[in-house]
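What follows is a single structure, written as structure tokens, with notes after it.
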Amino acid sequence: MKYIHHILLCVILILILTLSLTSCQKEFLDKKPNKALLVPTTLSDFQALLDNSNTMNYAPGMNIIASDDLDNTADGLDQVELPLEKNAFLWAADIYEGLPITPDWDTPYQQIFYANVVLNGLQDLEQTSSQAKQLKGSALFYRSFALYQLLQLFAKPYAPATAATDPGVPVPVTANVSNRPGRGTVAAAYRQLIADLQTAATLLPQVNGLPTRPTQASAYGLLARTYLTMQEYEQAANAANECLKLNDRLLDYNDLDASSGGSLPVGIMGSNPEILFYAFNLYSCYFLPSTVVEAELANSYTTNDLRKTLLIEQNGADRNFKGSYTGDLFSYGMFAGLATDELYLTRAEAFARTNRIADALKDLNLLRSRRYQSGTINPVTVTDPEQVLRLILTERRKELLTRGTRWTDLRRLNQDSRFAVTLKRDIDVTEYTLLPHSLRYLFPIPDNEINISGITQNPR
Numbered sequence: 001m002k003y004i005h006h007i008l009l010c011v012i013l014i015l016i017l018t019l020s021l022t023s024c025q026k027e028f029l030d031k032k033p034n035k036a037l038l039v040p041t042t043l044s045d046f047q048a049l050l051d052n053s054n055t056m057n058y059a060p061g062m063n064i065i066a067s068d069d070l071d072n073t074a075d076g077l078d079q080v081e082l083p084l085e086k087n088a089f090l091w092a093a094d095i096y097e098g099l100p101i102t103p104d105w106d107t108p109y110q111q112i113f114y115a116n117v118v119l120n121g122l123q124d125l126e127q128t129s130s131q132a133k134q135l136k137g138s139a140l141f142y143r144s145f146a147l148y149q150l151l152q153l154f155a156k157p158y159a160p161a162t163a164a165t166d167p168g169v170p171v172p173v174t175a176n177v178s179n180r181p182g183r184g185t186v187a188a189a190y191r192q193l194i195a196d197l198q199t200a201a202t203l204l205p206q207v208n209g210l211p212t213r214p215t216q217a218s219a220y221g222l223l224a225r226t227y228l229t230m231q232e233y234e235q236a237a238n239a240a241n242e243c244l245k246l247n248d249r250l251l252d253y254n255d256l257d258a259s260s261g262g263s264l265p266v267g268i269m270g271s272n273p274e275i276l277f278y279a280f281n282l283y284s285c286y287f288l289p290s291t292v293v294e295a296e297l298a299n300s301y302t303t304n305d306l307r308k309t310l311l312i313e314q315n316g317a318d319r320n321f322k323g324s325y326t327g328d329l330f331s332y333g334m335f336a337g338l339a340t341d342e343l344y345l346t347r348a349e350a351f352a353r354t355n356r357i358a359d360a361l362k363d364l365n366l367l368r369s370r371r372y373q374s375g376t377i378n379p380v381t382v383t384d385p386e387q388v389l390r391l392i393l394t395e396r397r398k399e400l401l402t403r404g405t406r407w408t409d410l411r412r413l414n415q416d417s418r419f420a421v422t423l424k425r426d427i428d429v430t431e432y433t434l435l436p437h438s439l440r441y442l443f444p445i446p447d448n449e450i451n452i453s454g455i456t457q458n459p460r
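The sequence shown runs contiguously to residue 460 in full-length UniProt numbering.
In structure tokens:
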């Protein structure tokens, strides 16, 4: 019955988070003109606002559910508490079924709103202290992190040929809620994202006290992820370089004890030394015994691959994921932040795509040496660029399980026929299919947002 407890806890958390944040923002805005005490005005106020980790460090999860990382059964799907979980898993046309619980849209915009409150407040204070600069950098990072997540779910994949005309997502740059931007374009949204991260990287400290707070390495890490998403591989390599200059720590899984049971035995709430920025995601389906690692992916881990036992718990025929970098999946959910292992893989792929094969193999072999049993593998020495790229993408697939990156990778790689895949689910006697260029790689914008703002809906 333990998983039922966690399902209920998760659902309550989501309900409280969504409803309270919505009501709190409305109450704050309604009272703002005549309740000065409710308006943050000091640097400590701004720091406290950004330190609200339940909001500022939450990341969407529909991209995890809809990807091919995890699998489920008909009986298992009947146990999920929120319809959007089942519908996202099955790539349904109607995700929300009219319910107002839409955390993957609402929470990122809460993050953007709070970041803009801080940025507007700092502008009014006209302070140039190191703390003020750090807060500005943090607010820009949080706004960027939220915007990046929104683009992966609610805008078309970045395609260089069409980004200038593809609809993006609204990008508020002020806390004035009467200013309602339209969707703009994908290209414009990414320009804002990159500009904010470049500025943040000049303002953030190398150490910021808590893993939930961004650092200079966090900014470069997200910048590298963004450039990779845009298929700007030279820039991705450069940003990853800057990030890894600041933090290049990489766990050796040979030092971890897979027999300890439970989650990844590294530590909880961001104490894993690979973590560059801590973010989490909670959905009830993660805790169901029926939720397993997709079979082909699970079988790709060889017996000498330490991730086979550190990330996956074999329960008979079941293959339950347990290796969240939150350190405790049942208490803290899925890790959805930034970590150095991702940056090594990003840099390796960027090197491979820019014909720096020796550099790509150096990163690939370093990661593999920390993930396979010592003495059981030899360094990769192939020199064919496409073969090297495929090896890197294979390791990326296995390493970043449930991080939320797979959905973005699918959207990007599907633009290249060499790597395009068709996703399939077999539930009871029904087969569900997601084709490489399907419109269902875009989630629908919640109806209440369409009704209030008048922005165009995503075709589904």
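Ideal placement from N, C-alpha and C gives every residue a C-beta, glycine not left out.
- A distance below 8 angstroms between beta-carbons, with the five flanking residues on each side excluded, links A295 to the following residues of its chain, in chain order: D71, R319.
- Counted as a single uninterrupted DSSP element, the alpha helix (DSSP H) harbouring N116 occupies residues 103-125.
- Counting only runs of 4 or more residues that sit fully inside the region 144-211, the alpha helix (DSSP H) segments are 186-203, in chain order.
- Check the Cα spacing between D328 and each of F145, N87, N272, F154: the tightest is with N272.
- F351 sits in a helix when the DSSP states are folded into three classes.
- Taken in chain order, the unbroken stretches of alpha helix (DSSP H) that lie wholly in the region 273-349 and span 4 residues or more are 295-299, 307-310, 329-332.
- Residue pairing from DSSP leaves D75 without any beta-bridge partner.
- Runs of beta strand (DSSP E) with 3 or more residues, each lying fully within the UniProt domain "RagB/SusD" (342-459), are found at 423-427, 430-434, listed in chain order.
- In the DSSP assignment, S218 falls within the unbroken alpha helix (DSSP H) covering 216-229.
- Judged by their CB atoms, S138 and P214 are nearer to each other than the 7 angstroms cut-off.
- With a contact defined as Cβ atoms closer than 8 angstroms, S218 and F141 qualify at about 6 angstroms.
- In the displayed model, L70 falls within a strand according to three-state DSSP.
- Counting along the chain, N57 sits inside no alpha helix (DSSP H), nor does DSSP assign it H or E at all.
- From the listed residues E274, S300, I312, R307, the smallest Cα separation to T291 is found for I312.
- Membership of D45 in the alpha helix (DSSP H) is indicated by the continuous run 43-50.
- Below 8 angstroms, too few C-beta pairs join the region 46-56 and the region 383-393 to call them touching: fewer than three.
- Non-local beta-carbon contacts of Y148 in its own chain, meaning distances under 7 angstroms to residues more than five positions away in sequence, involve L193, L222, T226 in chain order.
- Counting along the chain, the unbroken alpha helix (DSSP H) around A236 starts and ends at 233-246.
- If you check the CB distance, R406 and P157 do not come in under 7 angstroms.
- Contact between the region 242-254 and the region 360-373 is established, with three or more Cβ pairs separated by less than 8 angstroms.
- Counting only the Cα atoms, G121 lies some 22 angstroms from D106.
- In its chain, beyond the 5 residues on either side, F351 have a beta carbon closer than 7 angstroms to the beta carbon of D359.
- Look at the beta carbons and you see the region 53-69 not touching the region 338-350: under three pairs across the two are nearer than 8 angstroms.
- Taking Q216 as the centre and dropping the five residues before and after it, the same chain places the C-beta of A201, L204, P205, Q206, L246 closer than 7 angstroms to its C-beta, in chain order.
- The three-state secondary structure of P83, taken from DSSP, is helix.
- When I377, R403, T42, R396 are compared, the shortest CA-CA separation from F335 is found for R403.
- Less than 7 angstroms separates the beta-carbon of A279 from that of A59.
- Rounded to whole angstroms, the Cβ separation of T422 and T433 is 6 angstroms, and the two are in contact under 8 angstroms.
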